[in-house]
Structures are given as C-alpha cells and as structure tokens.
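FYI, the numbering for the sequence shown is 65 to 246, going by the numbering used here.
Idealized CB from N, CA, C, for every residue including glycine.
Notes for the one structure printed next.
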Amino acid sequence: MTDDLNTQELLDAIEGELLHKSIGDQGDSELRQYYSMLTYHLGWEGEGAGPEARGKRVRPLLLLLTCAAAGGDWQNALPAAAAVELIHNFSLIHDDIQDNSPIRRGRETVWKRWGIAQAINAGDAMFTLAHLSLLRLERTTSSTITTQAANTLQLACLQLTKGQYLDLEFETQAQLPMKAYW
65 MTDDLNTQEL
75 LDAIEGELLH
85 KSIGDQGDSE
95 LRQYYSMLTY
105 HLGWEGEGAG
115 PEARGKRVRP
125 LLLLLTCAAA
135 GGDWQNALPA
145 AAAVELIHNF
155 SLIHDDIQDN
165 SPIRRGRETV
175 WKRWGIAQAI
185 NAGDAMFTLA
195 HLSLLRLERT
205 TSSTITTQAA
215 NTLQLACLQL
225 TKGQYLDLEF
235 ETQAQLPMKA
245 YW
C-alpha cells in the first residue's frame, strides 16, 4: 500500500469508474430518460444532486482499501468496486419499492419519480451493469480470479435476497423470537 493513498483519490476513482465505464454513453436520445433514472439514483443529476445524494460509497472504498492493504494494485480492482456499489444501489431501488419508501437520501426515490415498473427496470439495469463491470476484471486478472469474484458476488446477491425476504416476512409479525435475529 502506498503512503500517499488517500480516501478522496479512491472516491474520485470510484465515481469515474461508475460514470464513465459502468453506466456508459448516454448519447442515445431515445434512452436519455433510462440513463437519467440511473444517474439520478446515483446522485449525479436532478434536484438535490451531489455528495449527500450519492451516499458514502463505503462498500467500494473498503474493497479498494482491502486490495491495497493486501499488496494489490487498487486500480486493478476498480471494476469490482463499481460492481459492489451498483449491487448496493440495485438493492436500494428494489427495497424502496418493497418498503413503499418515497424518500432516499433526502430526495424522491426512483419509483416515486418514474413509477414502480420503471424503477424495477432501473434496479435490474444496475444489477446487470454490476456483473458487466465485474467482468472487466479480466483485463487485469486471470479468468479464474474473475470467475471466483463473479461467484462470490452472485452468492452475496443470493444472501441479500434471503435477507430481504426475511425483512418483508418480519414486517407482518408483531413479535419475533430472538433467534430470528441471528
């Protein structure tokens, strides 16, 4: 790990990876609204856009710091960092729908602004973009490592959906036994 590594440098690199490599070109006018849903949710555009609307980006930051601490080149891990952040945001879009939450990070949620059907599509897009981002690891790592990373991400997503299932189930119960929390 280099001595001059700083959090802001990593956060800027994460933003660049997300905006320029993961979300991609927004030039097609027919799809402008599609991309707007994604960039709005990520806090890059719309009323209230900015650092507060973007969230803290803790998950990708931890991934890059862990890579650097283990002696790896954190820049090679940027596709994985973007994938983790996109998975997190896909889950937030879907969670907002399931919880009927109108506000996220001080702004209207995607479903509240564009409707449930489009919000589901936006969440699914982020899920897909996450996996495409992760596949870019093959540019700097072996196919074996990329496959292992993809498998780990898929298993994490499966656990995430199990947790969301329990969250939704528990909403209908007045009391939960202590073991339900573990």
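- E172 carries a strand assignment under DSSP once its states are collapsed to helix, strand and coil.
- Judged by beta-carbon spacing, L82 lies beyond the 8 Å limit of S155, meaning their Cβ atoms are not closer than that value.
- Using a Cβ-Cβ distance cut-off of 8 Å, the region 210-218 and the region 193-200 are in contact, since at least three pairs of beta carbons, one from each stretch, lie closer than that value.
- Within the region 129-209, the alpha helix (DSSP H) runs of at least 4 residues that lie entirely inside it are, in chain order, 142-162, 174-178 and 180-199.
- Taking C-beta atoms under 8 Å as the contact rule, A186 and L106 fail to qualify, at a distance of about 10 Å.
- Of the residues E149, E109 and L199, the one whose Cα lies closest to the Cα of L126 is E149.
- Taking 8 Å as the cut-off, the beta carbon of I161 is found closer than this to the beta carbon of I184.
- By the Cβ neighbour-count rule, N164 is exposed, with fewer than 16 other Cβ atoms within 10 Å of its own.
- Nearest C-alpha to R168 among A134, A117 and Q182: A117.
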